[in-house]
Structures are given as C-alpha cells and as structure tokens.
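To start, the structure itself, in structure tokens.
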C-alpha cells in the first residue's frame, strides 16, 4: 500500500466508518477489514492519527484499528504478519513526538506502544526506554505528561510478563529506571506541595497526576514493620498511606518486596487486631492483599488467605466485609486460582457472602456483592450445586425489588448466567423464574431491554446450552428473536448462537414453528449485512441441514438458490464461498432428491440446461476447494462430490478428474497411519460415546456439547470412512461402465493423483 496514494483513500473510508448512516458505515467497515492484512496499511493509520488537524473521531478510529492490528498481526508467527521493515518504521514513528492534545487518544497511543513493547522491548526496540526517559525530562508540560503516561503503561505491561526469560529482562530494565523513577516521584511531589501552598490549583492537579504516574515507594516500608500502637493515630495514618502506595504500585514494586513473607509475618497479624482504631488499617490491609494477589502471591499461601477471608466476612465492620469480598473476587479471578485449595472454604464463604448480600442496602453495594458471588460460582462451576438453594430462593425477590434499578438487574442476570452454567441440566428447575426474566430482558418493546439485552441474550444462550429438553415456554420465548434480527446490532452473533442452540435442542419442533419467519428474516439480512453476518446466517442453515437434512432443506428452501448461484458465479469472499460449499455439500450428500429439484429450479431461473449448471457447479467447487480450511468441510466436499457417482451422465464423467482430485485431497486431509497395523485410517471417524473427562481447568460438557457429540456420531463426516466411500463409488462406477470404459475415465486423471489414490486404497 503506497503511503501517498493510499492516505487519502483510507482517510475517506475512516470518515465513512464514523458515520451514523449504515449505508456508509457497513461498506467502510468491510473495506477496512480487507485492508487489515495489506502491507503499509498501519503506516497509513499512523500518519492519520498523528495528524492533529484531522477530525478527532477519525483519528480515534485510526488508533483503534492500529491497536487491534498489533494484537493480530505484530507477532512474527501470526498469519499475515507485518514485515520487519514496516514494524521498524512504525516503532520509530510511534515515539517521534509525545504531543497528542486529546487525552483519550493519548491514552490509546500509550497503550498500543505498551503492546508493541511487550513483544519487542528491549531486543527489537532498545531505544524505547532511553527516549521515554529523555522525554520526561523536558520542560514542556504536555510532552512530559504524555511521555510519563506512556512510561507508566510500558512499565506496567512489561512487569506483567511471567516467563523466566521475560522476568530477567524486566529485572535488568527495572534496575536502570528504578532510581530515576523514584527521583521523578520526589520531584513531582515537591512540585505538587509547592503549588498547593501557593494556591495554584490547576498546576497542583497537573503535578499530582504526573506524581501518580511515577509513584514509587461439505524504603518507607522498612520503617513500618511490626504492629503499630493503636494510641498513635499519626503512625496509623502514615502506615495506611504507605500501604495504599504499595498497593497502587504493586507491579512497579514486584522485585523490591518479598510479599509472601510480608503477608505471613506482617499483614496477617494486623488483620487479627480488633481494636476500633485499627478498623481503617484492617480495611487497607485486605485491600492491599487484593492488589498483590495477582501480581506476586505464592499459591501455597492461599489457604491462609482463605482462612483470613472467612474470618473477615464475619467482621462487625460492614466496610471491612465489603472490602474482603472485593479481595475474594480478585483472588478467585486470578490465573493461579486452584479449585481444590478453595473447596474446603466454599460453603462458609458462600453462606457469608449471601448474608452480606441480604444485609447491604445500597444498590451499588448489592451489585458488587452479586458480582463476587457470580465470580465464585463461575470458578467452582458444578461444585456450587449443594450451596445455591438459598440464593435461588432470594433472587426472585431481589429481581422484584430492583424494578427501578436496571444496573442491579444486570448484575442479577450475570449471576443467573453463572448459576445456570454451574447447575447444568438441573437449571431446568429455575425455569419458572428464569424464563420470564429472559423474556423481559430480550423483548425490544419493553423499555428495560436497553440495559438488560446483552446480558439477557447471554442468559438465554446458556439456558439453551444447558437445557436437557425443550419446553413449550422455552420455545415460546423465540418470539422475541425476529425484532432482534431486524436491529442488526452488535448482539447479532449471540442471536445466531441462540438460533443454533434451538436447532441442536429440538430441530423438528423449532423449525416447524419458526423456520418460515426465520427464513424471511435471513433473506432480508443477507442483502444488508457484512460478510461475517452472511457467514453466520449460512452456518445456521448448514446446522439445520446437518441435524435434519430433509426438514432443513424444506424450511430453508428460499435461501438455497442464493447459495447455488453464489457457487456457480464464484463468490469472491473465501469464507463465504467455503460456507456456501458446506451448505450445498449437506444437500447433495444427505438429500439428493432435493438437490435434483433445486437443480431443476435453478435451470429454469438461469435459462440453462440442468447438465450445464451441474457441470459449472462441479467445476467451481473443484476450483475453489482451497477456500475451505475446515477439515470437516473438506471431507464433506469429497463425500458430496463422490456421491454423484456412479453415473453415466456425460457432464459428470467430464468432471470425473476434478472429483477424483477433491477425493484425494480429502484423503490427504483425513488419513493417518495406524502405527500398530501400518495401514491408513480415517482420523475423523467417531465410533463410540466416550465422555471426555474434563480437567480442573476445563468446564464440564454442557447438554449442548452432548447433543453435538450424538449428532456427530450420525454425521456422515464422522460416521463414513472416506477411504471406503471412495472405493465403493469407484467400484460402482467400474461396474456401470465396464473395465474398458472405466479405464478410459481413469486416464483423464493425472498419473500422480492416480498413484496417490491407489496408495490410499490399498487393502480394498
């Protein structure tokens, strides 16, 4: 992408992408998505968001696309990775000037610089830290602030890396910047105090912000060891201030504090001091532990922490209990959380949290405690079942009481999501309360849906995934779906997952009741949504055909001509073409009679002979096979095209070479050598129902997972050996044509392909 010629075009498309007009917005988003992998695109974005004369919204969008690109394409091993030359240019451009006037954009630039630093610093970007240090020394307030902001995000990001080699690199880096950062903190603190004493409020706030940023503490800690005299209020306040700073600077002090020893020897004893004057400090200590628990906290110490949390959740000071709940959430949210360590304390903690939920009266506090409960339920999953009875009985009352508090209702929805996941099939017992909640939350004619829709849809989805069977009430809720599809909003992906959930749960009842209206909605959507949206629509059709080939073909008949036309016209988007072929592969393989009638309809519509259309379809299928990346769809394509054999149709015989090519490609995809027998076998075959044993870190299979497993056992992709199917079809073709005719047909196939085919079919 040439910078000079492309900048104007990209700027124009970014401008359209900020429009509220969907006619401009959607094509612009589609175009930007296509440019993501184009060389030079991110250099153009850099030029745009660093140009302060351009519209703020356009610059903001350019920064976001740049940041997303780092996540997807910056790593060397990523598909469509940026070239090292372009990355070098981008790194240099990012730190040329720290003079961004808009705070929000400055923060995003700081974050994306930190993302690059996480991958490239210091090996590929040794100049970053020296330039940042020089920039924070300048007298210009704006530039100094932006450099400090970037310095903060870079340091925080580098400190979060966990591999031993990365920790060593950060240690070396920290040793060079620690003293500088400390002196910077002292300087800005002095400046802040000077401005406060002189009454210059604006300058004081400016200095204070910079002080916080550089805070370091088909040595003060060393002075505060040991208990503090409860009569010495000044000492208590100083300790509180230092603990606050240690908590805020947890990442920065990672290598300077032996937190494990400090926790055992200093903090735990302080939590046990019950004097009234010590209450503020106990609140601060439990908060401090929460700040450090995901930064540096030995796993073996967690039972000691859980014991302390259980005691503090019974404290007379309500604020201490609330702060303790926060620390508990941070603890169970942490990467190193282990269920086996937590289970002995689960019943006590859950009971105490539930009591706290009932006791607090402020809406925000109830939301907070509910989030903690949700987090606990999410982490222990099915282990929560014996203890949730009291919460299940209380939530309907809380829902009723929170009628005027939609944000609290959002928290209840989140709790219900985790409850349903934890209860699994037993969640059916919640339906008298659960289904009306879903009904209200996802009804766009009800005012609360503005707040509740996203969580309500997620609850609807997990309810379907964990439902053991369909009920009339659960089926009836789908009446809410057509208006949601019309909105074409950011929730569309979840809507499609819900539709698929109904198909897997009860395809016959669902399709007979709703497929006609759904098909009409889909036909309207296909002409007015992005490529990704089209794929989601087609996947629903594909799943319907997979679960129920006959009914699925009938119910989605109006969409299939569009699919057929897309194939023969050579749909240009590979992911859409792949899905088209997946849909048609299902029809061809599992409902041949319907395929024949579809071919008749298409011949009439296109004013062509049926054989000519069939030939065009096979030819395009063979030509676009590389568009299909999913192994299941590649095998499906091979099975579908082979299902056209045996045939004496001249068109099919004319395309015989292509069909065999696809079959051999499919065999290469699925055939693996059996080390015991030395023969080849189809690795996609599933022959028995072994329940996979979920490890501690994995969620147990949902009811929908089990339904998909049962479906897979019937799916030709997983139940038919491609090797045997190929042999049988070729054998039948040979019997139809005779030996001489069959050999003439085989001579149209490349000799190398024939050799590979023979190797795969050895033993038949």
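Numbering (my numbering), first residue to last: 1466 to 2229. We treat Cβ as the ideally placed atom computed from N, Cα and C, and that holds for glycine. Computed from a predicted model, the values in this text were never measured in an experiment.
The continuous alpha helix (DSSP H) containing residue 1536 extends over residues 1521-1538.
Counted as a single uninterrupted DSSP element, the alpha helix (DSSP H) harbouring residue 1814 occupies residues 1804-1824. When the alpha-carbon of residue 2098 is set against those of 1856, 1956 and 2047, the nearest one is in 2047. Of all alpha-carbon atoms in 1798, 1876, 1950 and 2016, the one lying nearest the alpha-carbon of residue 1988 is that of 1950.
The bridge partners DSSP lists for residue 1798 come to none. In this structure, residue 1883 keeps its C-beta atom at 7 Å or more from the C-beta atom of residue 1932. If you draw a straight line from the Cα of residue 1493 to the Cα of residue 2002, it comes to about 21 Å. Under the 10 Å beta carbon count, residue 2062 is surrounded by fewer than 16 other beta carbons and is classified as exposed. Taking 7 Å as the cut-off, the Cβ atoms of residue 1683 and residue 2105 count as close.
Boundaries of the alpha helix (DSSP H) around residue 2020: 2014-2020. By the Cβ rule, the stretch 1709-1724 counts as touching the stretch 1750-1762, because three or more pairs are nearer than 8 Å. Your pair residue 1597 and residue 1535 does not check out as a contact, with CB atoms roughly 18 Å apart and the cut at 8 Å. When secondary structure is reduced to three states using DSSP, residue 2147 falls in the strand class. Residue 1609 counts as buried, since at least 16 other C-beta atoms from the protein chains shown sit within 10 angstroms of its C-beta. Setting aside the 5 residues that flank it on each side, residue 1746 is surrounded in the same chain by 1701, 1704, 1705 and 1735, each with a C-beta closer than 7 Å to its C-beta; the list follows chain order.
Around the beta carbon of residue 1908, 16 or more other beta carbons lie within 10 angstroms, which makes this residue buried. Apart from the 5 residues on each side of it in sequence, residue 2068 sits with its Cβ closer than 7 Å to the Cβ of 2074, 2075 and 2078 in its chain, given in chain order. A check of alpha carbon separations from residue 1857 across 1560, 1894 and 1830 identifies 1894 as the nearest. Secondary structure remark: continuous alpha helix (DSSP H) runs of at least 4 residues inside the stretch 1580-1606, in chain order: 1593-1600. By the 16-neighbour rule on beta-carbons within 10 angstroms, residue 2201 is exposed. Within the DSSP bridge table, the entry for residue 2137 names 2146 as partners. Taking C-beta separations shorter than 6 Å and ignoring five residues to either side along the sequence, the partners of residue 1545 in its chain run 1502 and 1538, following chain order.
Between residue 1849 and residue 1904, the gap from beta carbon to beta carbon reaches 7 Å or more.
In its chain, beyond the 5 residues on either side, 1861 have a beta carbon closer than 6 Å to the beta carbon of residue 1898. Taking 7 Å as the cut-off, the beta carbon of residue 1887 is found no closer than this to the beta carbon of residue 1832.
Every alpha helix (DSSP H) of 4 residues or more that sits fully in the stretch 2064-2101 is shown, in chain order, as 2075-2088. With 16 or more neighbouring CB atoms inside 10 Å of its own CB, residue 2120 falls in the buried class. A straight-line Cα-Cα distance of about 7 Å links residue 2049 and residue 2028. Here residue 1619 has 1579 and 1582 as same chain residues with Cβ atoms under 6 Å from its own Cβ, once five neighbours each way along the sequence are excluded. Secondary structure within the stretch 1716-1784: the alpha helix (DSSP H) runs of 4 or more consecutive residues, fully enclosed, are 1724-1727, 1733-1736, 1744-1757 and 1767-1777 (chain order). Here the alpha carbons of residue 1871 and residue 1902 stand approximately 12 Å from one another. Taken through DSSP and simplified to helix, strand or coil, residue 2109 comes out as coil. In this structure, DSSP gives residue 1973 a helical state, which the three-state scheme calls helix.
The closest CA to that of residue 2090, considering only 1864, 2124 and 1560, is found on 2124. Residue 2217 sits exposed, since fewer than 16 C-beta atoms from the chains shown fall within 10 Å of its C-beta.
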